[in-house]
Amino acid sequence: MSVETDIVAALRSTDLFRALDMRLLRDLASRVEPVRLEKGESLFEQGAPADAAYVVVAGSLEVLVTRRDGSRVSVAKAAQGALVGEMQILTGGFRTAGVRAMEAAELLKIPAAAFKAFVDKAPAAADAMFQLIQRRTRRNELMLMLRKIFGSLHTETLDALERRGHWRRLERGEELFQEGDPGESMFFVVSGRLRAVARNSAGKAVVVGEIGRGECLGEMSVISGEPRSATIVAARQSELVELPRKVFEELVHQYPRLLWNVTGMIIERLRKSIRGRASAEDAVNIAVLPASPQVDSRDFTRKLASAISSFGSVIHWNSESLDRSMNLPGAAQTHWEDVHSSRIAAWLDEQEAGCDYHLYEADPGLSPWTQRCVHRADRILVVVRAGEDPAPGPLETELLDGFSREGSVRRTLVLLHPDRPPLPSGTRAYLEKRRVEDFHHVRRDRPEDFSRLARFLTGRAVGLVLGGGGARGFAHVGVVRAMRELGIPVDMVGGTSMGSVISAQVAMGFDLEAMVEVNRKSFVEVNPLGDYTLPLISLARSRRLDHYLRKVYGEVHIEDLWAGYFCISADLTAAEEVVHRTGPLWKAIRASVALPGVAVPAVEGDHLLVDGAVLNNLPGDVMRELCRGVVIAVDVGRGAQLACNRQEIPSPWKVALNRLTPFAKPLEIPNILEILVNTTVLSSNYKTAQVMADADLYLRPPVEKYKLLEFNILDEAVEAGYRYALERLREWKGNRVFA
């Protein structure tokens, strides 16, 4: 028997080449070279250039992946008839794993040029090969994932998990299971992204979390036997491995350690849930969709990629870079039905497996590449030039309207502003015409704006919560000063009562001098609550307060602030908390600072709104829902208790006489304003305690000695807040990276 005949027989032993006609096999056989490896000898290392593929003729090989911590993990074995190393030949780039001989092995080496020539001559076989590559990539990812979740388990246990699991593919919008279904299986997410949706007390379906690549779900129901707690929907095309309960129980009986690891995973998830740290929702694949050809999406995506690189590895893809990287002109514009489409998908899958974040820059038109970008996205950024027509363009309408029917991919509106504009305006018109989950203002020449967007996208945003406390709230200005000195950003800010006032100034971009000056003029020089009137509704007429708010904040809307903002008021009509996220800024603050009995309630429609401190004086819980990342809460509301140095409260006449008599010893009793103010915050103290426990950093500046309406202590309070916060923030910041 000739050498060529032996080589042909060896090639036909593989699944890939078995169905080829003899002419193609002989042509390929004429180009291969025999290779022999001794036990332990390396065939190639991870990161080496891909120059050939190999067929295992005899013996066995081990596939090893080097993780970021330097450790090496065995993810697969290759026995007689297996094809190895073909992935990088087809997809380009460098080896993503190393291969070594587990025993003496004989191989056939197929040089890259010969392999590519074969692919060009046999497109049907090439398509089958790409499918094989995707399956192998998925399996390798699964093994790495299982080791990450069950790190202490033996290899044979992980192999058993992989062998006995069932692969499932979900298309965007497809349900895995529904809330209330019996928990018959647990699942491992190998690729894609899923969204957990549950009904709240009002019966409304709300998103409670997202599950990304490398995570497990459904294990709690499998162990407890309880029904599913949420409906799971594919946010984009996803592949999972299903492990039925019966199989899990058999594996636990065979490998008891497995139950211990799964239980530990459940405990960790519950701990995060209790502290408000649900499953991570940071975007991994981000599609940048220009709303019009006038948007410079290349420059925008490049700057965003640079900002995201502070938090992990990132690749910026556009149609040209994809063609160049694959060395395949026109690859990006390959249609879905094209035979080479699987090749593109396999190549991108491999790239995603080796990188933290991927930015897919779409074309300005509805091209195959634009469709592929959106199809692979966890988050879509719709980039609009501020000042253009707020109505969605043809690309948005045709592409995203279709996707809204297929499933729920998260959408973010980005309004791109000129280099140094005043505050944005007209944002509401853009929001009313689109279905987006959030929005951001970005200035083209401001790296800090791109860094803020990057923190939101990666789940690292910094939310600052400023509590109510009257004049003590001036300490918030000192805290902001300390944060700026230490380079700690504020990506979203919110507050209640005086906290809503200072928060608005931060969101508008006031510098420290401006903040001090505007508060001096508004509270020290002219007390906005000093226009007393006949106390039928309130002690103050509140005209000064209205004038102050209109003068400082003008006609600015909350949507038009550079940083995210909210404030809290209490609805007396509906007996519920109100979170102000849109509308005129001054009106929202007016409601938030309307101390019951002191200021006239704000009117919103037929509802009466008063100071938010009645229900939530330190709204860290609201910030936790709106801002995924770090929550810093500053509490100035709980101070010295009201006291009385007498056995009973004297009559008003005796109090008045005491105050009018020179050199008389003052009566230590609270006045009506102090009673009303302290009563306002009393009911929300319990909620404040919860926020204190949940916040990533809780600050309580030493301002207890100041009275709530003692506005002339502005400078002292600012300094006290600054000195206290500087020390605490410096210690807390440590080595944290914010940009």
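Residues in the sequence shown are numbered from 1188 upward in steps of one, following this note's numbering.
C-beta atoms are modelled at their ideal positions from N, C-alpha and C, and glycine is treated no differently.
This one's a predicted model, so the numbers in the text were calculated from it and none came from an experiment.
Sheet register partners of residue i (DSSP bridge)
| i | result |
| --- | --- |
| SER1508 | DSSP lists no partner for SER1508. |
| ARG1597 | ARG1566 |
| TYR1885 | ALA1820 |
| LEU1294 | VAL1222 and VAL1243 |
| GLY1367 | None, per the DSSP bridge assignment. |
| LYS1738 | In DSSP, LYS1738 forms no bridge with anything. |
| LYS1774 | For LYS1774, which the question treats as bridged, DSSP gives no partner whatsoever. |
| HIS1794 | GLU1791 |
| GLY1399 | ARG1380 |
CA-to-CA distance, residue j to residue i, given in whole angstroms
| i | j | result |
| --- | --- | --- |
| VAL1242 | SER1372 | 37 Å |
| GLU1918 | ARG1563 | 41 Å |
| ARG1462 | THR1645 | A caution first: ARG1462 carries a pLDDT of 49, below 50, which makes its placement in the model unreliable, though a value can still be read off. If you take the alpha carbons of ARG1462 and THR1645, they lie about 19 Å apart. |
| VAL1286 | ARG1254 | 15 Å |
| PHE1204 | LEU1211 | 9 Å |
| SER1484 | GLU1548 | 7 Å |
| MET1188 | ILE1194 | With a pLDDT of only 43 at MET1188, under 50, the local geometry of the prediction cannot be trusted, and the value read off the model is given with reservation. Near 10 Å, if we compare the C-alpha coordinates of ILE1194 and MET1188. |
| GLY1268 | LEU1294 | 10 Å |
| VAL1146 | VAL1743 | The structure shown has nothing for residue 1146, since the chain only spans 1188 to 1926. |
| VAL1780 | SER1687 | 8 Å |
| GLN1424 | VAL1376 | 11 Å |
| ALA1284 | TRP1556 | 29 Å |
| LEU1626 | LEU1600 | Residue identity check: residue 1626 is Phe in the sequence provided, not Leu. Cα to Cα, the separation comes out at about 4 Å. |
| GLU1349 | VAL1409 | 18 Å |
| ASP1238 | GLU1220 | 13 Å |
| VAL1711 | TYR1909 | 20 Å |
Residue i, DSSP secondary structure in three states
| i | result |
| --- | --- |
| PHE1753 | strand |
| ASN1514 | coil |
| GLU1712 | coil |
| CYS1542 | coil |
| TYR1241 | strand |
| GLN1424 | strand |
| MET1679 | strand |
| TYR1547 | strand |
| MET1188 | Note that MET1188 scores a pLDDT of 43, beneath 50, so its modelled location is shaky; the value from the coordinates is reported in the next line. MET1188: coil per DSSP, three-state reduction. |
| GLU1764 | strand |
| ALA1465 | Since pLDDT at ALA1465 reaches only 43, below the 50 mark, its modelled position is unreliable, and no value is offered. |
| SER1479 | coil |
| MET1289 | coil |
| GLU1429 | strand |
| SER1960 | With the chain represented from 1188 up to 1926, any question about residue 1960 goes unanswered, as that position is not in the structure. |
| ASN1706 | helix |
| HIS1522 | coil |
| THR1418 | strand |
| PRO1236 | strand |
Within-7 Å CB hit, residue i to chain D
| i | result |
| --- | --- |
| GLU1539 | Absent from the structure: chain D. Only one protein chain is present. |
Cβ-Cβ distance between residue i and residue j below 7 Å
| i | j | result |
| --- | --- | --- |
| PRO1551 | PRO1480 | yes |
| VAL1652 | ASP1678 | no |
| HIS1794 | THR1769 | no |
| SER1690 | GLY1681 | yes |
| TYR1752 | ALA1694 | yes |
| ASN1803 | ILE1745 | no |
| ALA1789 | ALA1778 | yes |
| ARG1380 | ALA1417 | no |
| GLU1619 | ARG1598 | no |
| LEU1673 | LEU1916 | yes |
| CYS1560 | ALA1474 | yes |
| TYR1893 | ARG1607 | no |
| GLY1396 | ALA1385 | no |
| LEU1427 | ARG1355 | yes |
Selection from the options that minimises the alpha carbon distance to residue i
| i | options | result |
| --- | --- | --- |
| LEU1730 | ALA1761, VAL1785 and PHE1697 | Note that residue 1730 is Arg in the sequence shown, not Leu. Comparing Cα-Cα distances from ARG1730 to each of ALA1761, VAL1785 and PHE1697, the minimum goes to VAL1785. |
| ALA1669 | VAL1818, ASN1706 and LEU1913 | LEU1913 |
| VAL1878 | VAL1818, SER1508, ALA1216 and VAL1905 | VAL1818 |
| VAL1482 | ILE1473, SER1500 and LEU1582 | LEU1582 |
| MET1452 | VAL1905, GLY1246 and CYS1403 | CYS1403 |
| VAL1797 | VAL1713, PRO1605, LYS1774 and LYS1303 | LYS1774 |
| GLY1541 | GLN1692, GLY1370, PHE1364 and GLY1401 | GLY1401 |
| VAL1739 | ALA1533, PRO1605 and PRO1715 | PRO1715 |
| GLY1405 | THR1875, GLU1366, ALA1389 and LEU1438 | GLU1366 |
| GLY1792 | GLU1290, ARG1633, LEU1772 and ASP1758 | ASP1758 |
| GLU1585 | ALA1478, PHE1487, GLU1273 and ASN1327 | ALA1478 |
| VAL1705 | ILE1336, ASP1902 and ARG1639 | ASP1902 |
| PRO1676 | ARG1334, GLU1225 and ALA1926 | ALA1926 |
| MET1332 | ALA1291, SER1378 and THR1614 | SER1378 |
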